[in-house]
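Input: a single structure, listed below in C-alpha coordinates.
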Amino acid sequence: VYADMNINLQEAYKLIEKALKQDPNNPAYIDSMAWVLYRMKDYKNALSINKKHRDFIKNSIGINNIEYIYALSDLYTISIESTDYPNAINIAKEILQIHEHIPVFTEDAHYKYLLLLADAYFYNKNLNEAIELYETILESSSGSLWYECATQLSNAYFSIESDKKALNLTDSIIKFVEIEYGKQSIEY
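The opening residue of the sequence shown carries number 816 in my numbering; numbering runs sequentially from there.
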(Lines of atoms letter the chains of each structure in order from A and count residues from 1; the text may use other names and numbers.)
(Lines give C-alpha, C1' and ligand atoms only; values in the text may rest on other atoms or scores of the structure.)
Protein backbone atom coordinates (compact mmCIF):
# COMPACT_ATOMS: atom_id res chain seq x y z
CA VAL A 1 0.00 0.00 0.00
CA TYR A 2 2.85 2.40 0.84
CA ALA A 3 4.40 1.91 -2.59
CA ASP A 4 1.07 2.49 -4.34
CA MET A 5 0.66 5.72 -2.40
CA ASN A 6 4.36 6.58 -2.85
CA ILE A 7 4.87 7.14 0.89
CA ASN A 8 7.06 5.58 3.60
CA LEU A 9 9.07 3.77 0.96
CA GLN A 10 11.94 2.83 3.27
CA GLU A 11 9.49 1.26 5.71
CA ALA A 12 7.71 -0.52 2.85
CA TYR A 13 11.06 -1.83 1.63
CA LYS A 14 11.91 -3.24 5.06
CA LEU A 15 8.50 -4.87 5.46
CA ILE A 16 8.63 -6.49 2.03
CA GLU A 17 12.23 -7.59 2.57
CA LYS A 18 11.13 -9.28 5.79
CA ALA A 19 8.21 -10.97 4.01
CA LEU A 20 10.51 -12.18 1.22
CA LYS A 21 12.84 -13.79 3.76
CA GLN A 22 9.89 -15.86 4.98
CA ASP A 23 8.51 -16.63 1.51
CA PRO A 24 11.09 -15.78 -1.19
CA ASN A 25 9.03 -17.12 -4.09
CA ASN A 26 5.78 -15.35 -3.29
CA PRO A 27 4.85 -13.51 -6.50
CA ALA A 28 2.93 -10.79 -4.65
CA TYR A 29 5.96 -10.01 -2.48
CA ILE A 30 8.28 -10.05 -5.49
CA ASP A 31 5.97 -7.70 -7.39
CA SER A 32 5.67 -5.40 -4.35
CA MET A 33 9.45 -5.24 -3.97
CA ALA A 34 9.86 -4.33 -7.63
CA TRP A 35 7.25 -1.58 -7.24
CA VAL A 36 8.89 -0.15 -4.10
CA LEU A 37 12.26 -0.09 -5.84
CA TYR A 38 10.64 1.58 -8.83
CA ARG A 39 9.13 4.25 -6.58
CA MET A 40 12.55 4.72 -4.97
CA LYS A 41 13.93 5.27 -8.50
CA ASP A 42 16.19 2.21 -8.21
CA TYR A 43 15.27 1.21 -11.74
CA LYS A 44 18.05 -1.31 -12.28
CA ASN A 45 17.00 -3.46 -9.32
CA ALA A 46 13.30 -2.86 -9.96
CA LEU A 47 13.72 -4.13 -13.51
CA SER A 48 15.66 -7.17 -12.37
CA ILE A 49 13.11 -8.13 -9.72
CA ASN A 50 10.17 -7.41 -12.01
CA LYS A 51 11.68 -9.73 -14.62
CA LYS A 52 11.74 -12.41 -11.94
CA HIS A 53 8.05 -11.73 -11.27
CA ARG A 54 7.25 -11.86 -14.99
CA ASP A 55 9.10 -15.16 -15.37
CA PHE A 56 7.27 -16.64 -12.40
CA ILE A 57 3.90 -15.69 -13.93
CA LYS A 58 4.98 -17.03 -17.31
CA ASN A 59 6.16 -20.36 -15.90
CA SER A 60 3.30 -20.89 -13.46
CA ILE A 61 0.17 -19.77 -15.32
CA GLY A 62 1.36 -19.03 -18.84
CA ILE A 63 1.47 -15.95 -21.02
CA ASN A 64 -2.11 -15.80 -22.27
CA ASN A 65 -3.56 -14.20 -19.18
CA ILE A 66 -4.09 -10.75 -17.78
CA GLU A 67 -1.59 -11.17 -14.92
CA TYR A 68 1.19 -11.66 -17.43
CA ILE A 69 0.09 -8.52 -19.31
CA TYR A 70 0.18 -6.60 -16.01
CA ALA A 71 3.70 -7.89 -15.29
CA LEU A 72 4.80 -6.79 -18.76
CA SER A 73 3.12 -3.42 -18.30
CA ASP A 74 5.13 -2.88 -15.11
CA LEU A 75 8.32 -3.82 -16.97
CA TYR A 76 7.38 -1.35 -19.70
CA THR A 77 6.88 1.45 -17.16
CA ILE A 78 10.21 0.76 -15.49
CA SER A 79 11.95 0.56 -18.88
CA ILE A 80 10.54 3.93 -19.93
CA GLU A 81 11.51 5.57 -16.63
CA SER A 82 15.02 4.14 -16.81
CA THR A 83 15.30 5.30 -20.47
CA ASP A 84 15.74 1.73 -21.71
CA TYR A 85 13.59 2.48 -24.74
CA PRO A 86 14.66 -0.50 -26.88
CA ASN A 87 13.50 -2.81 -24.07
CA ALA A 88 10.23 -0.87 -23.81
CA ILE A 89 9.68 -1.34 -27.56
CA ASN A 90 10.17 -5.10 -27.25
CA ILE A 91 7.86 -5.31 -24.25
CA ALA A 92 5.12 -3.30 -26.00
CA LYS A 93 5.39 -5.60 -29.03
CA GLU A 94 5.07 -8.64 -26.77
CA ILE A 95 2.02 -7.17 -25.04
CA LEU A 96 0.36 -6.57 -28.42
CA GLN A 97 1.08 -10.13 -29.57
CA ILE A 98 -0.29 -11.67 -26.38
CA HIS A 99 -3.30 -9.42 -26.08
CA GLU A 100 -4.68 -10.79 -29.36
CA HIS A 101 -5.16 -14.18 -27.65
CA ILE A 102 -7.01 -12.89 -24.60
CA PRO A 103 -10.73 -12.56 -25.36
CA VAL A 104 -11.54 -10.09 -22.57
CA PHE A 105 -9.61 -7.27 -24.22
CA THR A 106 -11.56 -4.66 -26.10
CA GLU A 107 -10.54 -2.82 -29.24
CA ASP A 108 -9.94 0.22 -27.03
CA ALA A 109 -7.43 -1.80 -25.00
CA HIS A 110 -5.67 -2.74 -28.23
CA TYR A 111 -5.22 0.92 -29.09
CA LYS A 112 -3.99 1.71 -25.58
CA TYR A 113 -1.30 -0.95 -25.93
CA LEU A 114 -0.53 0.28 -29.43
CA LEU A 115 -0.04 3.72 -27.87
CA LEU A 116 2.58 2.20 -25.53
CA LEU A 117 4.52 1.02 -28.56
CA ALA A 118 4.16 4.38 -30.31
CA ASP A 119 5.40 6.18 -27.18
CA ALA A 120 8.38 3.84 -26.88
CA TYR A 121 9.25 4.51 -30.52
CA PHE A 122 8.89 8.25 -29.89
CA TYR A 123 11.20 8.22 -26.86
CA ASN A 124 13.71 6.07 -28.76
CA LYS A 125 13.69 8.67 -31.58
CA ASN A 126 12.11 6.24 -34.07
CA LEU A 127 9.88 9.13 -35.08
CA ASN A 128 8.55 7.76 -38.38
CA GLU A 129 7.38 4.55 -36.70
CA ALA A 130 5.87 6.55 -33.84
CA ILE A 131 4.03 8.90 -36.18
CA GLU A 132 2.64 6.03 -38.25
CA LEU A 133 1.23 4.36 -35.12
CA TYR A 134 -0.09 7.61 -33.64
CA GLU A 135 -1.91 8.38 -36.89
CA THR A 136 -3.44 4.88 -36.94
CA ILE A 137 -4.61 5.21 -33.35
CA LEU A 138 -5.93 8.73 -33.90
CA GLU A 139 -8.14 7.59 -36.78
CA SER A 140 -9.86 4.96 -34.64
CA SER A 141 -9.99 6.45 -31.16
CA SER A 142 -12.06 8.94 -29.25
CA GLY A 143 -12.22 10.63 -25.86
CA SER A 144 -9.20 10.59 -23.59
CA LEU A 145 -7.34 8.08 -25.77
CA TRP A 146 -7.74 10.42 -28.77
CA TYR A 147 -6.52 13.35 -26.67
CA GLU A 148 -3.48 11.48 -25.37
CA CYS A 149 -2.58 10.25 -28.84
CA ALA A 150 -3.15 13.64 -30.48
CA THR A 151 -0.91 15.32 -27.93
CA GLN A 152 1.90 12.84 -28.55
CA LEU A 153 1.45 13.03 -32.32
CA SER A 154 1.65 16.81 -32.17
CA ASN A 155 4.94 16.48 -30.24
CA ALA A 156 6.22 14.03 -32.83
CA TYR A 157 5.31 16.40 -35.66
CA PHE A 158 7.20 19.20 -33.92
CA SER A 159 10.17 16.85 -33.48
CA ILE A 160 10.43 16.29 -37.22
CA GLU A 161 9.82 19.98 -37.85
CA SER A 162 6.45 19.44 -39.45
CA ASP A 163 5.18 22.55 -37.74
CA LYS A 164 2.09 23.04 -39.90
CA LYS A 165 0.78 19.54 -39.09
CA ALA A 166 1.65 20.04 -35.42
CA LEU A 167 -0.16 23.37 -35.22
CA ASN A 168 -3.24 22.05 -37.05
CA LEU A 169 -3.41 19.12 -34.66
CA THR A 170 -2.89 21.45 -31.69
CA ASP A 171 -5.90 23.46 -32.86
CA SER A 172 -7.94 20.24 -32.92
CA ILE A 173 -6.74 19.41 -29.42
CA ILE A 174 -7.84 22.84 -28.17
CA LYS A 175 -11.26 22.38 -29.77
CA PHE A 176 -11.54 18.95 -28.16
CA VAL A 177 -10.73 20.38 -24.73
CA GLU A 178 -13.22 23.23 -25.22
CA ILE A 179 -15.98 20.75 -26.11
CA GLU A 180 -15.11 18.26 -23.37
CA TYR A 181 -14.38 20.68 -20.53
CA GLY A 182 -15.71 24.05 -21.62
CA LYS A 183 -13.91 27.14 -22.82
CA GLN A 184 -13.17 28.35 -19.30
CA SER A 185 -10.79 25.38 -18.80
CA ILE A 186 -8.37 26.81 -21.36
CA GLU A 187 -6.27 29.74 -20.31
CA TYR A 188 -4.38 31.46 -23.07
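Even glycine gets a Cβ: it sits at the ideal position worked out from N, Cα and C.
DSSP state of residue i mapped onto helix, strand, coil
{"i": "Tyr1003", "result": "Because Tyr1003 carries a pLDDT of 49, less than 50, the predicted location of this residue cannot be relied on, and the following value inherits that uncertainty. Tyr1003: coil per DSSP, three-state reduction."}
{"i": "His914", "result": "helix"}
{"i": "Lys866", "result": "helix"}
{"i": "Ile975", "result": "coil"}
{"i": "Asn823", "result": "coil"}
{"i": "Met848", "result": "helix"}
{"i": "Ser955", "result": "helix"}
{"i": "Tyr828", "result": "helix"}
{"i": "Asn902", "result": "helix"}
{"i": "Pro839", "result": "coil"}
{"i": "Asn1031", "result": "The requested residue 1031 is not part of the displayed model; the chain covers only 816 to 1003."}
{"i": "Lys908", "result": "helix"}
{"i": "Lys859", "result": "helix"}
N- and C-terminal bounds of the alpha helix (DSSP H) containing residue i
{"i": "Thr985", "result": "978–996"}
{"i": "Ile884", "result": "881–896"}
{"i": "Ser927", "result": "Before going further, note that residue 927 is Lys rather than Ser in the sequence given. That run of the alpha helix (DSSP H) goes 922–938."}
Test item: CB-CB of residue i and residue j under 7 Å
{"i": "Tyr900", "j": "Asn939", "result": "yes"}
{"i": "Met855", "j": "Ile831", "result": "no"}
{"i": "Tyr858", "j": "Glu896", "result": "yes"}
{"i": "Leu930", "j": "Cys964", "result": "yes"}
{"i": "Ser974", "j": "Thr985", "result": "no"}
{"i": "His868", "j": "Ile845", "result": "yes"}
{"i": "Ser956", "j": "Tyr926", "result": "yes"}
{"i": "Ala933", "j": "Leu948", "result": "yes"}
{"i": "Ile946", "j": "Ala971", "result": "yes"}
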